[in-house]
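Visitor:
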Amino acid sequence: MKLVLLGAPGAGKGTHAQYLTERYGLPHISTGDIFRANLKAGTPLGLEAKSYMDQGLLVPDSLTVRIVLDRLQEEDCQAGYILDGFPRNLFQAEALSEALAQKGQKIDLAIHFDITEEAILQRMSGRRVCPACGATYNVNGLPPLREGICDVCGTPLIQREDDKPATVLKRLAVYREQTAPIAEYYRQAGIERIIRSDQPIEKVRAELDTLLGEQEWQ
Ligand code: AMP
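Residue numbers (my numbering): 475 to 692.
(1) Using C-beta distances below 6 Å, list every residue in its chain close to THR495, excluding the 5 sequence neighbours before and after it, in chain order.
(2) Which whole-angstrom value is the C-beta distance of LEU477 and ILE556, which I expect to be below 8 Å?
(3) Just the C-alpha distance for ILE656 and GLU568, rounded to the nearest angstrom, thanks.
(4) Would the beta-carbon of MET598 be found less than 7 Å away from any heavy atom of ligand 1?
(5) Excluding the five sequence neighbours on either side, which residues of its own chain have a C-beta within less than 6 Å of the C-beta of ALA482, listed in chain order?
(6) Would you mind stating whether LEU631 and PRO639 have Cβ atoms separated by less than 8 Å?
(7) Can you tell me which residues form a DSSP beta bridge with ASN612?
(8) Under the DSSP definition of a beta bridge, which residues are partnered with ASP588?
(9) For PHE509, verify whether its CB is less than 7 Å away from any heavy atom of ligand 1.
(10) Please determine whether the Cβ atom of VAL478 lies at a distance below 7 Å from any heavy atom of ligand 1.
(11) My output table needs one value for PRO518: the three-state DSSP class, helix, strand or coil.
(12) Give me whichever residues DSSP pairs with LYS476 in a beta bridge.
(13) Just to confirm the assignment, what range does the alpha helix (DSSP H) spanning ILE503 have?
(14) So, under 8 Å CB-CB, PHE587 and LYS487 are touching, yes? Tell me the CB distance rounded to an integer number of Å.
(15) Using DSSP's beta-bridge definition, name the partner residues of ILE623.
(16) How far does the alpha helix (DSSP H) with THR641 in it reach, from first residue to last?
(17) Quick check on the DSSP output: the alpha helix (DSSP H) that includes ILE656 runs from which residue to which?
(18) Assign LEU583 to one of three DSSP states: helix, strand, or coil.
(19) In chain order, what residues of the same chain lie with their CB nearer than 8 Å to the CB of GLN547, ignoring the 5 residues before and after it?
(20) Could you check if VAL678 is buried or exposed, using at least 16 other CB atoms within 10 Å of its CB as the buried criterion?
(21) Return yes when the C-beta of LEU415 is under 7 Å from any heavy atom of ligand 1, and no when it is not.
(22) Nearer than 7 Å: is that true of the beta carbon of PRO561 relative to any heavy atom of ligand 2?
Dropping the structure here:
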């Protein structure tokens, strides 16, 4: 099963991807996590990505598309994957479709987590991430068991630089202009499914299970 998760920054893509990975055993491929891991390791890719990320802008397509297509060649992706944060504009969506079509493959579902901008702003101010393993929490709805500490690996949690208010507003504007149109792209392909993500997390998970239970696994 090849899934694309759509939705504004803060819509819950990362959190729900973590659940889907545990539940269905599919690898979670997050371009944001790939860039952050490179930044942490001090690679040239990480340093180049940082200048865009800090401003809430998209990293150039030439770089991003190549990284994702390379990652999809790896062994663990052969039975399927969950793409989170990619594609983020029409160019990337088309590049992905074309690369898959060359192998006789396609994206099965684009799950669109829909939420109002007001709810996003509230959510992002509460978001905390683990700098070591990437797990995400929210002080307003999905807190860790011990305040400020990652449940998975025990590392102190941080607020991402780009979750600070001015950058969040810029990221939302970029989302509206560049990313929102790809929902229409997948709608026209007949594979967009909308799930309201301003509901309790258990409800979202139940809807995901229903949706994926209806799919034919390959
Ligand atoms: P995320 O963790 O998905 O919110 O991504 C954090 C930042 O990484 C974004 O604000 C962009 O600067 C960059 N980024 C992540 N995914 C992409 C992508 N598909 N295309 C371009 N830039 C991206």
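Every residue, glycine too, gets a C-beta built ideally from N, C-alpha and C.
As the structure is a computational prediction, the values presented were derived from the model and not from experiment.
Guide: The answer reads as follows:
(1) HIS502
(2) 5 Å
(3) 10 Å
(4) no
(5) ILE594, TYR649
(6) no
(7) ARG601, LEU616
(8) ARG670
(9) yes
(10) no
(11) helix
(12) TYR555
(13) First-last for ILE503: 502 to 504, but that is the beta strand (DSSP E), not the alpha helix (DSSP H).
(14) 6 Å
(15) PRO630
(16) 639 to 648
(17) 655 to 662
(18) strand
(19) none
(20) buried
(21) No information on residue 415 is available, as it lies outside the stretch 475 to 692 that the chain covers here.
(22) By its list of ligands, the structure shown excludes ligand 2, since it contains just ligand 1.
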